[in-house]
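**Student:**
Structure representation (structure tokens):
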């Protein structure tokens, strides 16, 4: 993180000792996404609307269903999706960007979730919870399946 914390975004950078094509496959194949992120009905097509499903988090008003749309897709470099709770009671709307770069014989993955409202209590609680999740166990699970994704 920079000297001044960005209250509107989560930014996590990780390195995987696999080529971008392998990481890309794990990020854009529904069955593999389900193994490291959440069950889904994703398709790598701009405009495709899909959902991720997990356990609700009542403290943040999260219903357990993330409604998404593929906004940008540049294989094997960048995937941008919208990310919002399916429930109309939770009006947090963000985007998640997966940026892949060939680096040092592997792939540098930069994940950015942006659009949190700095002055909104639930957005900030969600940013804190999701920031910890992306930065610790979620990307670790991605790394764990990359051998199988090759």
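In our numbering, the protein residues as written are 1 to 150. By construction, the Cβ of each residue, glycine as well, lies at the ideal position given by its N, Cα and C atoms.
Express the C-alpha separation of residue 9 and residue 1 in angstroms, rounding to a whole number.
**Tutor:** The residue you call residue 1 lines up with position 1 of the chain shown. The residue you call residue 9 lines up with position 9 of the chain shown. Because residue 1 carries a pLDDT of 38, less than 50, the predicted location of this residue cannot be relied on, and no value is offered for it.
**Student:** Going by C-alpha to C-alpha distance, which of 120, 104 and 59 sits closest to residue 18?
**Tutor:** Your numbering for residue 18 matches position 18 in the chain shown. Ranking the options by Cα distance to residue 18, first place goes to 104.
**Student:** Tell me the rounded alpha-carbon separation between residue 41 and residue 123.
**Tutor:** In the chain shown, counting from the first residue as 1, residue 41 sits at position 41. In the chain shown, counting from the first residue as 1, residue 123 sits at position 123. Separation of residue 41 and residue 123 (C-alpha to C-alpha, rounded to the nearest whole angstrom) is 25 Å.
**Student:** With a threshold of 16 other CB atoms inside 10 Å of the CB of residue 13, please say whether the residue is buried or exposed.
**Tutor:** The count along the chain shown starts at 1 and reaches residue 13 at position 13. Counting Cβ neighbours within 10 Å, residue 13 comes out exposed, since fewer than 16 surround it.
**Student:** I'd like the ranges of any beta strand (DSSP E) spanning at least 3 consecutive residues and lying wholly in the segment 75 to 120.
**Tutor:** 78 to 85, 93 to 103 and 106 to 114
**Student:** Can you name the residues that DSSP bridges to residue 72?
**Tutor:** Within the chain shown, the letter at position 72 stands for residue 72. DSSP lists 80 as partners of residue 72.
**Student:** Name, in chain order, the residues that DSSP records as bridge partners for residue 122.
**Tutor:** Stepping through the chain shown from its first residue, residue 122 is reached at position 122. Answer by DSSP bridge pairing: none, since residue 122 is not bridged.
**Student:** Could you tell me whether the segment 39 to 58 touches the segment 138 to 147, using the rule of 3 or more Cβ pairs below 8 Å?
**Tutor:** no
**Student:** Quick check on residue 85: buried or exposed, where buried means 16 or more other Cβ atoms within 10 Å of its Cβ?
**Tutor:** Taking the chain shown and counting its residues from 1, one reaches residue 85 at position 85. Burial check for residue 85: the Cβ neighbour count within 10 Å reaches 16 or more, so the residue is buried.
**Student:** Which of the three DSSP states is assigned to residue 43 in this structure?
**Tutor:** For the purposes of this step, residue 43 is taken as the residue at position 43 of the chain shown. DSSP places residue 43 in the coil class of the three-state scheme, outside both helix and strand.
**Student:** If you run the structure through DSSP and keep just helix, strand and coil, what is residue 28?
**Tutor:** As a first step, residue 28 is located in the chain shown; it is residue number 28 there, counting from the start. Helix, per DSSP.
**Student:** Do residue 121 and residue 96 count as a contact pair if the criterion is CB distance below 8 Å?
**Tutor:** Position 96 of the chain shown, counted from the first residue, corresponds to residue 96. Position 121 of the chain shown, counted from the first residue, corresponds to residue 121. Not closer than 8 Å, so no.
**Student:** Kindly give me the distance between the Cβ atoms of residue 26 and residue 100, rounded to whole angstroms, as I take these residues to be in contact under 8 Å.
**Tutor:** For the purposes of this step, residue 26 is taken as residue 26 along the chain shown, with counting starting at 1. For the purposes of this step, residue 100 is taken as residue 100 along the chain shown, with counting starting at 1. Their Cβ separation, rounded to whole angstroms, is 10 Å, which puts residue 26 and residue 100 out of contact at 8 Å.
**Student:** Cα separation between residue 60 and residue 102?
**Tutor:** Along the chain shown, read from residue 1 onward, the residue named residue 60 stands at position 60. Along the chain shown, read from residue 1 onward, the residue named residue 102 stands at position 102. One C-alpha to the other measures close to 36 Å.
**Student:** From residue 133 to residue 56, what distance separates their C-alpha atoms?
**Tutor:** Here residue 133 refers to the residue found at position 133 when the chain shown is read from its first residue. Here residue 56 refers to the residue found at position 56 when the chain shown is read from its first residue. Near 15 Å, if we compare the C-alpha coordinates of residue 56 and residue 133.
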